[in-house]
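K.L.:
Protein chains in written order, with my numbering: chain A, 220 to 527; chain B, 237 to 367. Submitted below is the structure of interest, expressed as structure tokens.
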């Protein structure tokens with residue numbers, strides 16, 4: 220008998236006995252981060268949710284059930300989205316903030332102490348917010364960029380996101396300048412200044428360790444299109460590609476093997492063109508780190524036998 | 237318009253900014269989209285990095301000009317056989333994302349022009365490229 224046993228229900232593995240069992244929150248169900256959760260339309264109230272949380276947390280912490288951990292992550296992603304939304308106006312892509320916030324959620328689930336008697340929401344919220352704030356702090360400007368340029372850069376990201384669907388194509392510098400009330404020179408300078416912005420790897424293990432069992436954060440996030448799995452084998456066999464996650468492989472495949480433009484990829488994957496651009500750059504950097512210079516023909520040009 | 241702008245920068249990643257700014261200015265004259273410019277930046281940066289690694293450069297030089305509705309980016313002169321090899325087209329079905337594939341996906345044309353024992357790598361990006 221472990222010290223945790225006194226907190227357990229008569230049969231902690233009896234999921235059937237739990238009301239509202241196993242139903243994850245809907246994607247658009249906005250969990251209230253600062254207050255008690257509302258009963259849902261299917262009759263699962265706060266108490267039921269807490270019981271389910273406790274059940275899953277016990278499953279994970281006492282029995283090492285990773286499926287329970289995954290279910291908790293899925294259930295609480297709406298909370299992450301809700302918190303990330305508060306910071307979405309600060310120039311970072313919402314998807315990136317959700318991914319970073321999810322690191323905080325995973326840390327909270329992993330570090331949750333069953334004996335403290337607090338709700339997971341209470342414990343997770345400061346972890347998620349802290350991770351997002353840390354992201355902003357770490358992702359600061361690596362060189363001094365005038366505030367005006369920083370602000371214009373942030374504005375341009377929004378303007379591009381607005382113009383692409385309206386124009387049905389990527390805007391020109393002149394169009395961007397008009398929309399952002401800036402000169403073309405200022406636009407170019409602001410776009411250039413974004414090169415001074417650091418980036419963090421969203422592939423990092425949530426707990427900062429690199430064990431095989433540590434899934435990359437990206438594995439928990441976003442819908443994986445079936446198409447990710449239908450890429451031609453030859454692409455997935457390309458040197459270094461194994462180190463990329465499915466979405467990154469899919470995007471590089473579409474761009475460099477299928478010849479789709481960033482805008483076309485953005486439409487297919489459901490993210491912005493600027494986000495595609497960033498993911499391409501990030502993925503190429505990862506490839507470079509993995510296999511050395513992209514440009515080394517002996518490394519990056521496999522023999523025919525390698526492709527079979 | 238045949239005005240050529242010659243830019244020479246230190247062979248360090250952090251020194252590439254002036255090249256990008258000139259590219260951006262020329263691209264804006266051709267009414268390149270943000271996406272077309274991004275492609276061009278990506279190609280130029282990767283060529284820059286490859287050249288530094290292959291040639292052990294101290295300075296990187298590039299001539300940029302607008303020509304027939306296209307932006308012509310000619311880097312060099314280079315002498316390294318390794319860089320020439322990297323720019324050479326691989327087999328069409330090669331399953332590798334190398335410099336050659338990257339340049340040929342992001343630009344309309346990639347040329348190697350020989351001149352007195354050295355060569356230039358020329359990237360051409362057309363205004364007509366859809367994006």
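Ideal Cβ placement from N, Cα and C applies to all residues, glycine included.
Measure the alpha-carbon distance for residue 402 (chain A) versus residue 394 (chain A) and round it to whole angstroms.
P.N.:
Counted from its first residue, the first chain places residue 402 (chain A) at position 183. Counted from its first residue, the first chain places residue 394 (chain A) at position 175. Looking at the two C-alpha atoms, the distance is approximately 10 Å.
K.L.:
Sort A:277, A:337, A:314, A:397 by Cα distance to residue 299 (chain A) and report the nearest one.
P.N.:
Taking the first chain and counting its residues from 1, one reaches residue 299 (chain A) at position 80. When each option's Cα is compared against that of residue 299 (chain A), the closest is A:314.
K.L.:
What first and last residue would you give for the alpha helix (DSSP H) that runs through residue 324 (chain A)?
P.N.:
The residue given as residue 324 (chain A) occupies position 105 in the first chain. Annotation for residue 324 (chain A): the continuous alpha helix (DSSP H) segment containing it runs 313 to 330.
K.L.:
Given this structure, state the Cα-to-Cα distance separating residue 269 (chain A) from residue 338 (chain A), to the nearest angstrom.
P.N.:
Your numbering for residue 269 (chain A) matches position 50 in the first chain. Your numbering for residue 338 (chain A) matches position 119 in the first chain. The straight-line gap from Cα to Cα measures roughly 7 Å.
K.L.:
Go ahead and pull the three-state DSSP assignment for residue 224 (chain A).
P.N.:
The count along the first chain starts at 1 and reaches residue 224 (chain A) at position 5. A caution first: residue 224 (chain A) carries a pLDDT of 38, below 50, which makes its placement in the model too unreliable to give a value.
K.L.:
Take the Cβ of residue 351 (chain B) as the centre, count every other Cβ of all protein chains shown within 10 Å, and call the residue buried at 16 or more, exposed below.
P.N.:
Taking the first residue of the second chain as 1, we reach residue 351 (chain B) at position 115. It is exposed - the Cβ of residue 351 (chain B) has fewer than 16 other Cβ atoms within 10 Å.
K.L.:
Taking C-alpha atoms, which residue in A:471, A:370, A:465, A:328 lies nearest to residue 283 (chain A)?
P.N.:
Against the first chain, residue 283 (chain A) aligns to sequence position 64. Nearest option by C-alpha distance: A:328.
K.L.:
Are residue 338 (chain B) and residue 282 (chain B) close, meaning C-beta to C-beta below 9 Å?
P.N.:
By one-based count along the second chain, residue 338 (chain B) stands at place 102. By one-based count along the second chain, residue 282 (chain B) stands at place 46. In contact: residue 338 (chain B) and residue 282 (chain B) (Cβ atoms closer than 9 Å).
K.L.:
Quick one: using the 10 Å Cβ neighbour count with 16 as the cut-off for buried, is residue 303 (chain B) buried or exposed?
P.N.:
Along the second chain, one-based indexing puts residue 303 (chain B) at 67. Exposed, since its Cβ has fewer than 16 Cβ neighbours within 10 Å.
K.L.:
Taking the CB atoms as reference points, tell me whether residue 324 (chain B) and residue 343 (chain B) lie closer together than 9 Å.
P.N.:
Mapped onto the second chain, residue 324 (chain B) falls at position 88. Mapped onto the second chain, residue 343 (chain B) falls at position 107. No, the Cβ-Cβ distance between residue 324 (chain B) and residue 343 (chain B) is not below 9 Å.
K.L.:
For residue 239 (chain B), which residues in the same chain have their Cβ closer than 7 Å to its Cβ, ignoring the five residues on either side in sequence?
P.N.:
The residue labelled residue 239 (chain B) in the question sits at position 3 within the second chain. Contacts found: 301.
K.L.:
What whole-angstrom Cβ distance do residue 411 (chain A) and residue 315 (chain B) have, given they're in contact under 8 Å?
P.N.:
As a position in the first chain, residue 411 (chain A) is number 192, starting the count at 1. As a position in the second chain, residue 315 (chain B) is number 79, starting the count at 1. Actually they are not in contact, since the Cβ atoms of residue 411 (chain A) and residue 315 (chain B) sit about 31 Å apart, beyond 8 Å.
K.L.:
Using a C-beta to C-beta distance shorter than 8 Å, which residues of chain B count as neighbours of residue 411 (chain A)?
P.N.:
As a position in the first chain, residue 411 (chain A) is number 192, starting the count at 1. Within 8 Å Cβ-Cβ: 253, 256, 257, 260.
K.L.:
Could you tell me which residues DSSP pairs with residue 347 (chain B) in its beta bridges?
P.N.:
Numbered from its first residue, the second chain carries residue 347 (chain B) at position 111. DSSP lists B:358 as partners of residue 347 (chain B).
K.L.:
By the three-class DSSP mapping on this structure, what secondary structure does residue 313 (chain B) have?
P.N.:
Counted from its first residue, the second chain places residue 313 (chain B) at position 77. In the structure shown, residue 313 (chain B) sits in a strand (DSSP, three-state: E or B).
K.L.:
Between which two residues does the beta strand (DSSP E) holding residue 240 (chain B) run?
P.N.:
Reading the second chain from its first residue, position 4 is the one you call residue 240 (chain B). Residue 240 (chain B) -> beta strand (DSSP E) spans 240 to 246.
K.L.:
With 9 Å as the C-beta to C-beta threshold (strictly closer), list the residues of the segment 395 to 407 of chain A near chain B in chain order.
P.N.:
395, 396, 403, 404, 406, 407
K.L.:
Using only the alpha-carbon positions, how far apart do residue 249 (chain B) and residue 304 (chain A) sit?
P.N.:
As a working mapping, residue 249 (chain B) is identified with position 13 in the second chain. As a working mapping, residue 304 (chain A) is identified with position 85 in the first chain. Distance between the alpha carbons of residue 249 (chain B) and residue 304 (chain A): 35 Å.
K.L.:
Examine chain B for any beta-carbon lying closer than 9 Å to the beta-carbon of residue 509 (chain A), and answer yes or no.
P.N.:
Locating residue 509 (chain A) in the first chain gives position 290, where the first residue counts as 1. Interface criterion not met: the Cβ of residue 509 (chain A) is under 9 Å from no Cβ in chain B.
K.L.:
Out of curiosity, what's the CA-to-CA distance linking residue 348 (chain B) and residue 370 (chain A)?
P.N.:
On the second chain, residue 348 (chain B) is found 112 positions in, with the first residue counted as 1. On the first chain, residue 370 (chain A) is found 151 positions in, with the first residue counted as 1. Just so you know, the alpha carbons of residue 348 (chain B) and residue 370 (chain A) end up roughly 41 Å apart.
K.L.:
Does the segment 339 to 346 of chain A come within contact of the segment 318 to 328 of chain A, defined as at least 3 CB pairs closer than 8 Å?
P.N.:
yes
K.L.:
Expressed to the nearest angstrom, what Euclidean distance is found between the alpha-carbon atoms of residue 375 (chain A) and residue 385 (chain A)?
P.N.:
Against the first chain, residue 375 (chain A) aligns to sequence position 156. Against the first chain, residue 385 (chain A) aligns to sequence position 166. Going by the C-alpha atoms only, they are around 15 Å apart.
K.L.:
What's the C-alpha gap between residue 477 (chain A) and residue 470 (chain A)?
P.N.:
In the first chain, the residue the question calls residue 477 (chain A) occupies position 258. In the first chain, the residue the question calls residue 470 (chain A) occupies position 251. So the alpha carbons of these two residues sit roughly 10 Å apart.
K.L.:
Output, in chain order, the set of chain A residues within a Cβ distance shorter than 7 Å of residue 337 (chain B).
P.N.:
Position 101 of the second chain, counted from the start, is the residue given in the question as residue 337 (chain B). Simply 475.
K.L.:
Can you give the Cα-Cα distance for residue 289 (chain A) and residue 379 (chain A), rounded to whole angstroms?
P.N.:
Within the first chain, residue 289 (chain A) is the residue found at index 70, counting from 1. Within the first chain, residue 379 (chain A) is the residue found at index 160, counting from 1. Going by C-alpha positions, residue 289 (chain A) is about 35 Å away from residue 379 (chain A).
K.L.:
If you draw a straight line from the alpha carbon of residue 566 (chain A) to that of residue 334 (chain B), how long is it in whole angstroms?
P.N.:
Nothing in the structure corresponds to residue 566 (chain A), since chain A is present only between 220 and 527.
K.L.:
Taking the alpha-carbon of residue 321 (chain B) as reference, which of B:346, B:298, B:294, B:297 has the nearest alpha-carbon?
P.N.:
Your numbering for residue 321 (chain B) matches position 85 in the second chain. The shortest C-alpha separation from residue 321 (chain B) is found at B:346.
K.L.:
If we cut at 9 Å on Cβ distances, does residue 470 (chain A) have a partner in chain B?
P.N.:
The sequence position of residue 470 (chain A) within the first chain is 251, counting from 1. Cβ-Cβ to chain B under 9 Å: no for residue 470 (chain A).
K.L.:
Quick one, which residues of the segment 366 to 393 of chain A are near chain B if we go by CB-CB under 8 Å, in chain order?
P.N.:
379, 388, 389, 390, 391, 392, 393
K.L.:
Helix, strand or coil: how does DSSP classify residue 278 (chain B) here?
P.N.:
Sequence index remark: in the second chain, residue 278 (chain B) carries index 42 (1-based). Three-state DSSP puts residue 278 (chain B) in a helix.
K.L.:
Using a Cβ-Cβ cutoff of 7 Å, what residues of the segment 340 to 351 of chain B are near chain A? List them in chain order.
P.N.:
Listed by position, the residues of the segment 340 to 351 of chain B near chain A (Cβ gap below 7 Å) are 341.
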